[in-house]
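Since the structure comes first, as structure tokens, the remarks are kept for the end.
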Amino acid sequence: MMIRLIYLSKAVGPQTGALTESILRTAHAWNAQNGVTGVLCQGQGVFLQVLEGERSKVTSLYARIHADRRHKDLELIHCESITERRYGDWSMAHVRLSDVDPQTKIAWPEFDPYSPSGRLVMARIDELVAKGRVLDAPRP
Ligand SMILES: Cc1cc2nc3c(=O)[nH]c(=O)nc-3n(C[C@H](O)[C@H](O)[C@H](O)COP(=O)(O)O)c2cc1C
């Protein structure tokens, strides 16, 4: 059985390129091997990540991510069982929230990731992906 999970967290330190690179390197390797796909949105001090795959894999990955000291205050904002992947093309797509909207210079003007429902958050992530905001998207 497959699930899709979305969580939100706060970065503990500055969200540097090196930090992102390190996270994505691990994610691409492990996720591709374990059939996990998803999107990592990052910026404005937060991480917002969608993970999808076999329930056992996603659950064990989430436990590891939860214990990662590079972020804190994790909130599980959405979890559902699925029959199809939404982000199946990516072992972990990367969307930078801070430079999404060139006009407002804000990714998500009313961005308060701790308030909207999981479905709303997913709709916004889909918009970002559809607008081609994915920065780094190797296929699994
Ligand atoms: C925001 C964030 C997202 C992460 N996403 C993934 C991921 O998708 N896949 C993955 O294998 N590790 C991911 N990691 C890294 C894990 O937290 C962890 O460092 C890694 O799985 C190695 O775990 P271990 O040191 O217990 O072996 C992420 C870390 C952070 C901070």
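Position one of the sequence shown corresponds to residue 1295 (our numbering), numbered consecutively onward. All C-beta atoms in this analysis are idealised placements derived from N, C-alpha and C, irrespective of residue type, glycine included.
Under the DSSP assignment, V1423 falls outside any beta strand (DSSP E), being part of the alpha helix (DSSP H) whose first and last residues are G1412 to A1424. Residues L1368 of the same chain have their beta carbon placed closer than 7 Å to that of H1360, with the five preceding and five following residues left out of the count. Ranked by Cα distance from T1331, the first of R1319, V1352 and L1342 is V1352. The residue from G1311, T1310, H1322 and A1305 with its alpha-carbon nearest to that of F1341 is A1305. Secondary structure note for E1315: its alpha helix (DSSP H) is the uninterrupted segment G1311 to N1328.
Excluding residues up to 5 positions away in sequence, G1347, E1348 and K1351 lie with their Cβ nearer than 7 Å to the Cβ of G1329 in the same chain. In this structure, the beta-carbon distance from S1385 to A1424 does not fall below 8 Å.
Counting along the chain, the unbroken beta strand (DSSP E) around V1389 starts and ends at A1387 to R1390.
Ranked by Cα distance from S1316, the first of L1334, L1370, D1383 and S1375 is L1334.
Y1301 is positioned such that its CB atom lies closer than 8 Å to that of Q1343.
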